[in-house]
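Reviewing the structure listed below.
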Amino acid sequence: MKFFSKKKKGTVQIIESLTCYCFRIPTKEIVDIIKKHKCRTVEAVQMHCSACEGCGGCRPDIEDLIEECWTKKE
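Counting from 1 along the sequence shown, just add 125 to a position and that's the residue number in the numbering used here.
Set out below in structure tokens:
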């Protein structure tokens, strides 16, 4: 989910994107947790925040974020 704010007519600025809707946890916060704590699983991320402890709908997104963080960029 993304929150938008109109700056002026015809332009939109993305303020924040959420990964976990149940606990309103921003994507940036989850990425920071993955990197800071070297998380390789959703369960490791859960040790540092409440993500994926509600409906579980964010699990695939968190798995994707983990993969993106640890996949070497060429």
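Even for Gly, the Cβ is constructed at its ideal location relative to N, Cα and C. Just so we're clear, the structure is a prediction, and the values are computed from it rather than from any experiment.
Check	Outcome
Backbone CA spacing between residue 168 and residue 142 [nearest angstrom]	21 angstroms
Closest residue to residue 155 among 182, 191 and 179 (Cα-Cα distance)	191
Residue 144 in three-state terms, based on DSSP	strand
Pick from 178, 161 and 159 that is closest to residue 146, judged by C-alpha positions	178
Reduced DSSP category for residue 127 - H, G, I as helix; E, B as strand; rest coil	In this prediction, residue 127 scores a pLDDT of 45, lower than 50, which makes its location untrustworthy; the coordinate-derived value is nonetheless stated afterwards. DSSP places residue 127 in strand when its eight states are reduced to three.
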